[in-house]
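Engineer: This is the structure, below, for whatever I ask next.
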Amino acid sequence: MKKCTCILIFFMFSTTLSNEILQFSSVKNYNGNGAVKKVFFQKMVTLFNPTIFIETGTLTGNNTCNAIGFFEEIHTIELGMLLYQKASERFKNIENITVYHGDSSEVLKQILPKMHGKILFWLDAHFSGGTTAGEGRNPLIDEIRAIKMNRINNAIILIDDIRGWEMSKIRDAILTINPEYIFCIFGDIAMAFPPEDNVALSPILKAFTISRFYGSENSNISLEMVLEAEKVISKASAYEKNAINEIPFPESGYYNLWKGLILLNEQQFEKAINKFNLAINNEFSYFNYYSNWRAPYLHWRAHWYLAQALYGAGNNYDAKNFLDQVIAQAPFFTQAQELLLLL
Ligand SMILES: C[S@@+](CC[C@H](N)C(=O)[O-])C[C@H]1O[C@@H](n2cnc3c(N)ncnc32)[C@H](O)[C@@H]1O
Numbered sequence: 006m007k008k009c010t011c012i013l014i015f016f017m018f019s020t021t022l023s024n025e026i027l028q029f030s031s032v033k034n035y036n037g038n039g040a041v042k043k044v045f046f047q048k049m050v051t052l053f054n055p056t057i058f059i060e061t062g063t064l065t066g067n068n069t070c071n072a073i074g075f076f077e078e079i080h081t082i083e084l085g086m087l088l089y090q091k092a093s094e095r096f097k098n099i100e101n102i103t104v105y106h107g108d109s110s111e112v113l114k115q116i117l118p119k120m121h122g123k124i125l126f127w128l129d130a131h132f133s134g135g136t137t138a139g140e141g142r143n144p145l146i147d148e149i150r151a152i153k154m155n156r157i158n159n160a161i162i163l164i165d166d167i168r169g170w171e172m173s174k175i176r177d178a179i180l181t182i183n184p185e186y187i188f189c190i191f192g193d194i195a196m197a198f199p200p201e202d203n204v205a206l207s208p209i210l211k212a213f214t215i216s217r218f219y220g221s222e223n224s225n226i227s228l229e230m231v232l233e234a235e236k237v238i239s240k241a242s243a244y245e246k247n248a249i250n251e252i253p254f255p256e257s258g259y260y261n262l263w264k265g266l267i268l269l270n271e272q273q274f275e276k277a278i279n280k281f282n283l284a285i286n287n288e289f290s291y292f293n294y295y296s297n298w299r300a301p302y303l304h305w306r307a308h309w310y311l312a313q314a315l316y317g318a319g320n321n322y323d324a325k326n327f328l329d330q331v332i333a334q335a336p337f338f339t340q341a342q343e344l345l346l347l348l
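In structure tokens form, the structure reads like this:
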């Protein structure tokens with residue numbers, strides 16, 4: 006059986022075996038300084054009990070600052086010399102914070118052998134414009150290799166800014182560390198943790214993961230599974246909906262698709278049309294400036310959702326056009342034919 010199928014099957018049935026449920030929530034201050042919220046660190050500590058925090062990509066240290074008080078040790082790595090110097094100055098009086106200068110994957114190789122305790126990784130090192138360093142190279146896969154080389158297979162691994170990534174590449178790298186890892190999509194963050202933590206994924210986290218992986222290499226996710234998962238997303242609770250709506254990145258197809266599904270379910274048809282159009286125009290993803298990767302295709306289900314929103318808004322003419330496109334690509338999909346009969 007392919008690797009990803011195993012993970013999906015595992016997390017489908019893991020709920021009954023586990024004590025705690027990981028719920029989707031807001032992670033970062035997207036409207037403020039972009040740092041991880043303290044409440045999210047609290048949640049990670051409560052669920053997983055890590056004692057060491059390791060961040061790659063310090064920038065100004067706002068994230069590092071919010072981690073204070075939750076961990077026994079905090080380590081943060083920055084490639085940009087000026088950024089490193091400023092962060093070192095900022096944290097010089099805080100005993101349990103160490104700031105390192107250098108390429109994150111190289112620094113990890115040096116420091117990981119000295120770590121004794123459960124680690125929460127926040128992998129966030131990449132060029133981000135302005136005065137940041139690292140243009141032309143994303144160290145993520147090398148960072149994951151460094152974790153593997155040090156045989157650290159019980160850490161909680163959080164990867165920020167995944168919108169531009171081909172997910173199977175990240176998932177496959179993570180599974181080389183520990184093939185049992187539970188891997189999920191948490192909004193714009195990928196998360197992996199070991200099954201021994203006895204934490205299960207909430208329905209919407211499973212749904213994001215299926216929605217994001219459908220059609221990617223070796224995913225083995227059926228059409229029925231993805232449509233069912235996207236139904237779960239469309240019925241997000243008020244709390245989950247707020248967390249989804251906080252994710253910015255209008256250029257990212259998936260987040261527009263998920264926001265559109267919620268609006269469609271709420272019968273806010275005009276707004277849903279706008280989000281589905283954004284999703285379609287961005288091909289469920291956006292061009293990844295790290296790896297030149299672009300989502301390989303635009304799946305017809307986006308047109309199916311758009312047709313439903315157009316029909317709801319009373320625009321039968323455009324709804325029919327999109328239904329025709331859906332039927333041309335998926336003649337077996339009877340729901341589209343049934344809606345066409347109503348127009
Ligand atoms: C998105 S920012 C980090 C944001 C920070 N974690 C926060 O939440 O406040 C990415 C940072 O990674 C740094 N960077 C880029 N490539 C790197 C590398 N190979 N090793 C370490 N840092 C790197 C950049 O200079 C930039 O400051």
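Quick note on my numbering: the sequence shown kicks off at 6 and runs consecutively.
Ideal placement from N, C-alpha and C gives every residue a C-beta, glycine not left out.
So, using beta-carbon positions, are Tyr105 and Ile82 closer together than 7 Å?
Structural biologist: Within the sequence shown, numbered from 1, the residue matching residue 105 stands at position 100. Within the sequence shown, numbered from 1, the residue matching residue 82 stands at position 77. Yes, they are a contact pair.
Engineer: For Ile157, which of helix, strand or coil comes out of DSSP?
Structural biologist: As a first step, residue 157 must be located in the sequence shown, where it is residue number 152. Three-state DSSP puts Ile157 in coil, outside helix and strand.
Engineer: Within 10 Å of its beta-carbon, does Ser242 have 16 or more other beta-carbons around it, so buried, or fewer, so exposed?
Structural biologist: Numbered from 1 along the sequence shown, position 237 holds the residue referred to as residue 242. The residue is exposed, with fewer than 16 neighbouring Cβ atoms inside 10 Å.
Engineer: DSSP has Glu60 in a bridge; who is on the other side?
Structural biologist: Residue mapping note: residue 60 aligns to position 55 of the sequence shown, counting from 1. DSSP output for Glu60 lists Thr81 and Trp127 as bridge partner(s).
Engineer: What first and last residue would you give for the beta strand (DSSP E) that runs through Arg195?
Structural biologist: Position 190 of the sequence shown, counted from the first residue, corresponds to residue 195. The residue you asked about is not Arg; residue 195 is Ala in the sequence shown. Its beta strand (DSSP E) spans residues Ile194 to Phe198.
Engineer: Using 8 Å for Cβ pairs, my map puts Ile57 next to Phe76. What's the rounded Cβ distance?
Structural biologist: Counted from its first residue, the sequence shown places residue 57 at position 52. Counted from its first residue, the sequence shown places residue 76 at position 71. Going by Cβ atoms, the distance from Ile57 to Phe76 rounds to 6 Å, so yes, they are a contact pair.
Engineer: Please tell me whether, using a cut-off of 6 Å, the distance from the CB of Ala40 to the nearest non-hydrogen atom of ligand 1 is below it.
Structural biologist: Reading the sequence shown from its first residue, position 35 is the one you call residue 40. Answer for Ala40: yes, Cβ within range of ligand 1.
Engineer: When burial is assigned at 16 or more other CB atoms within 10 Å of the CB, is Phe46 buried or exposed?
Structural biologist: Taking the first residue of the sequence shown as position 1, residue 46 is located at position 41. Label assigned to Phe46: buried.
Engineer: If the criterion is Cβ atoms closer than 7 Å, does the pair Glu25 and Val204 meet it?
Structural biologist: Stepping through the sequence shown from its first residue, residue 25 is reached at position 20. Stepping through the sequence shown from its first residue, residue 204 is reached at position 199. Yes, the pair counts as a contact, with Cβ atoms nearer than the cut-off.
Engineer: Enumerate in chain order the residues of its own chain whose CB-to-CB distance from Gln342 is below 6 Å, with the five nearest sequence positions on each side excluded.
Structural biologist: Stepping through the sequence shown from its first residue, residue 342 is reached at position 337. Same-chain partners within the cutoff: there are none.
Engineer: Using a threshold of 7 Å, state whether the C-beta atoms of Leu269 and Ala314 are closer than that.
Structural biologist: Within the sequence shown, the letter at position 264 stands for residue 269. Within the sequence shown, the letter at position 309 stands for residue 314. In contact: Leu269 and Ala314 (Cβ atoms closer than 7 Å).
Engineer: Whole angstroms are fine: how far does the CA of Pro336 sit from the CA of Ser133?
Structural biologist: What you label residue 133 is simply residue 128 of the sequence shown in a count that begins at 1. What you label residue 336 is simply residue 331 of the sequence shown in a count that begins at 1. Roughly 44 Å between the two C-alpha positions.
Engineer: Return helix, strand or coil for Ile112, following the three-state DSSP convention.
Structural biologist: Taking the sequence shown and counting its residues from 1, one reaches residue 112 at position 107. Here the sequence assigns Val to residue 112, which means Ile is not the residue at that position. Val112: helix per DSSP, three-state reduction.
Engineer: Does the region 208-217 come into contact with the region 187-198, if we say contact requires no fewer than three beta-carbon pairs (one atom in each stretch) closer than 8 Å?
Structural biologist: Cβ pair count under 8 Å is three or more, so yes.
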